[in-house]
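Quick notes on the structure that follows.
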Amino acid sequence: MIHFVPSWSDRTFRPTDFDDTVHQIKIFKKGNLPLELMLTRYSPNLLSALHSQGLLEVPTWSVFDDIQNTHIDGIRPLSFYDFNWPDGIDKIYTPFHIVVNLSGKEIGRVYFSEEGRITKIERYRFKQLVRTFLIDDRGFVSSIIHYLDGQINFQDYLDPAGNLRIRQNFKNNQDNIYVNPLFANDFQASSYKNLDQLVLEFTRIHLLKNDLPDDLIILAAQSKQNQLIFKALDKQRIVLSYFSNRYDFQDQNQSNVKNELLKSSGLIVDQKSNYQKLEKFINENFSRENKTLLIKKIHELTPYDTRLQLGFSQRERKLTIYWVAKKINNDFSKKIFYTFFSKMVDDENIDLIIAVNEIDKSILESMIIRKISDHFKVVLPSNDYEMKQSISQSDENQPFDDEADQLNSDNFKMAIAFYQRFQIKIFFSEESIIASMKKVRLIVDLSREADLFIQIAGISAGIPQINFNESQYVNDQKNGLIISNLNDLSKAIDYYFVGLKHWNQSLVYSVKKMEQYTNFNLLNRWLNALGEQHE
């Protein structure tokens, strides 16, 4: 049995598409190996989260299902009228919650998930929050948080029938747990110093029940959770998964980290930077003998698989560049942007998709508008919303005043048309990224370490990539170009945009490379790293 312990910890409990455990489970599912998802955090909307990632059929154990005795299947949404409300209430609807008023005063708020299920209800008295009901997506109140003078006082965890199982006290910065005497036989103690003690007890019991010689735990490395799982272990082997920027060795208790590394059976990293961080920590903290032993445990394995989804950009007249932009306000990113802008001025067929985070989006919009305004010597609206209004007015072609006269001027029209060649995107899912690449001719990611998922998606779509550092996914002059200087970016773009020879060579190489990262081959690489055999 392989047990997967994810890092999901937020109460909203929404594992993203870009999560190591989600993808590791999908890889191992393809091999029909016995596996289990283990949850050690409170997760009242677990089923919805699993459904969103296509993991509903994966055997799952949640420690709070044991603590609360909530072993029921299926999702049963609750409605607003399943709860007691006084007569005469008024409801004010917003996209994600309902405000409930009585005699003009707010007495509650009902919150909904993206799927329309009730996730929590807040109750107010004299404008102050007094209770929060957290709703399990299987159709019952999972817990109630009680407040005193606006601060959390205690939280009651319930079973599906509404019976109190445990109470977690927060008064005076405490975290002690009280067990309802009616259910004392289900617990080893009548009270606990903190919630971690209780979770450890039930996790240890679960692992003892499933103690088989070949059992393996793949643990998403995270400081607090690592300590809990290592304490709960019986005979199971454990593999630590270091993913993205989740784990910072400098912020950890050095003694705990050293102990965990020595006890682990394997260390999985998703990319070169994490390999280097881990290697550096080992070299600085262990003897020569242990260094050699531990470094042999490290395996660089991507959690992402390739899927043959070749784009059709070669059939398009447009030459679309996909730029992974980070820290958009620094000089380095600005120089990259100015290079793209210059290429777009020289070649009207070049368009630009820019992948950014939410913080950088408005900064980038302003940067683009200012640059276009300067180039075409016109005054453009200051933000994207006003630009879209100008585009709409320009399309209507009905000028009546001085501003409209400028709108119809040749320069203004050219500036508007130029702006429309930019697409600024914030991506929240794999599918949205993959869909956006259908017409992309070239990917540019000049981050210190290129985005791992983008690299795999680029291979899947057969798109060449320009990076600063070579990786196991992108090889120089094979399926991309590795440049050492920003001054080389313009020539690198020409390498793939002037004729199709180099682009086609990259496509052929990508198709061959794709085979290395299919689910089946990734599974075999994982099993080899873990010392398993898979027929």
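Just so we're on the same page, the working numbering is the position in the sequence shown counted from 1, plus 4.
C-beta: ideal position from N, C-alpha, C; glycine also.
Asked                                                                                                                                                                                            : Found
Enumerate in chain order the residues of its own chain whose CB-to-CB distance from residue 310 is below 7 Å, with the five nearest sequence positions on each side excluded.                    : 460, 463, 464, 518, 521, 522
Are residue 131 and residue 109 closer than 9 Å when you measure CB to CB?                                                                                                                       : yes
Give the secondary structure of residue 448 by DSSP, where H, G and I count as helix, E and B as strand, and everything else as coil.                                                            : strand
Report yes if the CB atom of residue 211 is closer than 9 Å to the CB atom of residue 231, and no otherwise.                                                                                     : no
Applying the criterion that 16 or more other CB atoms from any shown protein chain within 10 Å of the CB defines a buried residue, is residue 430 buried or exposed?                             : exposed
Residue range of the alpha helix (DSSP H) that residue 169 falls in?                                                                                                                             : Per DSSP, residue 169 belongs to no alpha helix (DSSP H); it is in the beta strand (DSSP E), 168-173.
With the cut-off set at 9 Å, would you say residue 84 and residue 114 are in Cβ contact?                                                                                                         : yes
Can you name the start and end residues of the beta strand (DSSP E) that residue 465 belongs to?                                                                                                 : No beta strand (DSSP E) contains residue 465, which is instead part of the alpha helix (DSSP H) from 456-465.
Buried or exposed, going by whether 16 or more other CB atoms sit within 10 Å of the CB of residue 75?                                                                                           : exposed
Do you know how far the Cα of residue 524 is from the Cα of residue 41?                                                                                                                          : 20 Å
Residue 352 to residue 494, Cα distance in whole Å?                                                                                                                                              : 15 Å
Determine contact between the region 414-430 and the region 374-393, defined as no fewer than three beta-carbon pairs at a distance below 8 Å.                                                   : yes
From the DSSP output, which residues share a beta bridge with residue 65?                                                                                                                        : 42
Below 9 Å between beta carbons: does that hold for residue 107 and residue 49?                                                                                                                   : no
Nearest-angstrom Cα distance between residue 362 and residue 325?                                                                                                                                : 20 Å
Within 10 angstroms of the Cβ of residue 193, are there 16 or more other Cβ atoms? Answer buried if so, exposed if not.                                                                          : exposed
Residues in the same chain with beta-carbon distance under 6 Å from residue 72, minus the five sequence neighbours each way, listed in chain order, please.                                      : 161, 163, 169
Just list the residues that DSSP pairs residue 359 with in beta bridges.                                                                                                                         : 328, 429
Identify, in the order they occur along the chain, each residue of the same chain with its Cβ nearer than 7 Å to the Cβ of residue 539, setting aside the five sequence neighbours on each side. : Caution is warranted here: a pLDDT of 45 is assigned to residue 539, below 50, making its placement in the model unreliable, and the coordinate value is therefore given only provisionally. So the list is empty, once near-sequence residues are dropped.
For my contact list, residue 148 and residue 129 are in at a C-beta cut-off of 8 Å; report their separation, rounded to the angstrom.                                                            : Incorrect: roughly 15 Å between the Cβ atoms, too far for contact.
Provide the residue span of the alpha helix (DSSP H) that contains residue 423, from first to last.                                                                                              : 414-423
Does the distance from the CB of residue 497 to the CB of residue 448 come in under 9 Å?                                                                                                         : yes
Classify residue 379 as helix, strand or coil using the three-state DSSP reduction.                                                                                                              : helix
Whole-angstrom Cβ separation of residue 65 and residue 43, contact assumed at under 8 Å?                                                                                                         : 7 Å
Would you kindly work out how many angstroms separate the C-alpha atoms of residue 527 and residue 440, rounded to a whole number?                                                               : 28 Å
Quick one: what does DSSP say residue 110 is sitting in, helix, strand or coil?                                                                                                                  : strand
Figure out for me which residue from 348, 484, 471 has the closest Cα to the Cα of residue 418.                                                                                                  : 348
Measure from the alpha carbon of residue 191 to the alpha carbon of each residue in 176, 175, 208, 177, then state which is nearest.                                                             : 208
When the Cα of residue 213 is compared with those of 274, 237, 393, which residue comes out closest?                                                                                             : 237
Which value, in whole angstroms, describes the spacing of the CA atoms of residue 290 and residue 222?                                                                                           : 24 Å
DSSP puts residue 154 in a beta bridge; with which residues?                                                                                                                                     : According to DSSP, residue 154 bridges with nothing at all.
Would you list the residues sitting across from residue 303 in a DSSP beta bridge?                                                                                                               : 272
May I have the straight-line CA-CA distance separating residue 474 from residue 269, to the nearest angstrom?                                                                                    : 29 Å
Note down, in chain order, each residue of its chain lying with its Cβ closer than 7 Å to the Cβ of residue 78, except the 5 sequence neighbours on either side.                                 : 142
Helix, strand or coil for residue 94, going by three-state DSSP, please let me know.                                                                                                             : strand
What residue range does the beta strand (DSSP E) around residue 7 cover?                                                                                                                         : 6-9
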